[in-house]
Structure formats: C-alpha cells, structure tokens
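A.B. asks: Before anything else, here's the structure in question.
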Amino acid sequence: MKNVILTEGNQERLKILSFLFRVSGYTIEVIQDLGRAMASYQGLSSVERQSSLLVVADYHHLGHQRELRFEKLTTLAQLEPSVVLLAAYRWTEPEQLALVQEVPQGESFLMCQSHQIIDFVERHCAAQQCDQQS
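Per the working numbering: the sequence shown = residues 269 to 402.
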C-alpha cells in the first residue's frame, strides 16, 4: 500500500492534491493540522510507516514568518528520517540552508516545489520500493 498523509495547505489545494494522489493509486489521508497529521503518522504500524510519507502541501502555510515555520517543523524531529516532504511554491537557497541548519532533523526533510509533489512522491516511492498494489 502506498500511503500519503497530506497536511498544511488551503482547503482547495488539499482537495485537488487528494484527488490526484487517489487517481495515482495512493491511499490518502488529509489532515489540515500538522500536529494531528504527525500523530496520525505515529499511529501507523511499523509496516504501514515503511510505505508512508507525510506531505506538507504548502510550506508557507505553516506561518508567515520563518521562525513560526521552523517552530512547527521542530515537532517533526521525532519522525523517522526521510518521511517528511515539504513543498513550496518557491524555495530560496537561504531559507533551505537555514531550515537544514536550524531545525532538528531538517537535513532529512525532502523538499520540492509545489507543482512537483505528485512526481516527487512517485520517485520517492519507487526508490523506497513501495508496494505497487492499491
């Protein structure tokens, strides 16, 4: 099973991404709040976690200021490496560098541009050899 927990984005964007993931054969759970999404991920069995990814649909939706975004992302440090994908409409090099340096486990977060989410998850899943059954 390929599982995606989709969080942090405006309602319309989450609805569109949810539809696209379902059509692509993923099991999708949409949880608007990052804290609840993380709790949902932690509630998965160890087998389910191996093929799951927590996707922050809009990094800037976490807060208007960098410090607010970093504070929220710090809560994700408890998760296994490489299970969090952060998507943004536009990444700046200074912001990415600061995220990696200042946020615990920041170097393990996957990052892509918003328009690449589905493709990025497909490639990540293939690299992790996710089960292709739906």
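Where a beta carbon is used, it is the ideal one built from N, C-alpha and C, also for glycine.
Using the rule of at least 16 other Cβ atoms within 10 Å of the residue's Cβ for burial, across every protein chain shown, is Q400 buried or exposed?
C.D. replies: By one-based count along the sequence shown, residue 400 stands at place 132. At Q400 the pLDDT is 45, less than 50, meaning the model places this residue with poor confidence; the figure from the coordinates comes in the next sentence. Under this definition Q400 is an exposed residue.
A.B. asks: To the nearest angstrom, how far is the alpha carbon of Y282 from that of I385?
C.D. replies: The residue you call residue 282 lines up with position 14 of the sequence shown. The residue you call residue 385 lines up with position 117 of the sequence shown. A small fix is needed here, since residue 282 is Leu in this sequence, not Tyr. Each residue's alpha carbon lies about 12 Å from the other.
A.B. asks: Can you name, in chain order, every residue of its own chain whose Cβ lies under 7 Å from the Cβ of S382, other than the five neighbours on each side?
C.D. replies: Your numbering for residue 382 matches position 114 in the sequence shown. So the list reads D326, A355, A356, Y357, once near-sequence residues are dropped.
A.B. asks: Could you please give the first and the last residue of the uninterrupted beta strand (DSSP E) stretch that includes T275?
C.D. replies: Here the question's residue 275 lines up with position 7 in the sequence shown. T275 -> beta strand (DSSP E) spans 271 to 275.
A.B. asks: What first and last residue would you give for the beta strand (DSSP E) that runs through L365?
C.D. replies: Position 97 of the sequence shown, counted from the start, is the residue given in the question as residue 365. Run containing L365: none in the beta strand (DSSP E); it sits in the alpha helix (DSSP H), 361 to 370.
A.B. asks: Give the DSSP bridge partners of I296, in chain order.
C.D. replies: For the purposes of this step, residue 296 is identified with residue 28 of the sequence shown, where counting begins at 1. Partner(s): V272.
A.B. asks: Do you know how far the Cα of T295 is from the Cα of H328?
C.D. replies: Locating residue 328 in the sequence shown gives position 60, where the first residue counts as 1. Locating residue 295 in the sequence shown gives position 27, where the first residue counts as 1. Between H328 and T295, the C-alpha separation is close to 25 Å.
A.B. asks: Measuring alpha carbon to alpha carbon, tell me which residue in F338, T360, S320, Y309 is nearest F289.
C.D. replies: Within the sequence shown, numbered from 1, the residue matching residue 289 stands at position 21. Nearest option by C-alpha distance: S320.
A.B. asks: With H, G and I counted as helix, E and B as strand and the rest as coil, what does DSSP make of V352?
C.D. replies: Within the sequence shown, residue 352 is the residue found at index 84, counting from 1. Note: V352 maps to strand in three-state DSSP.
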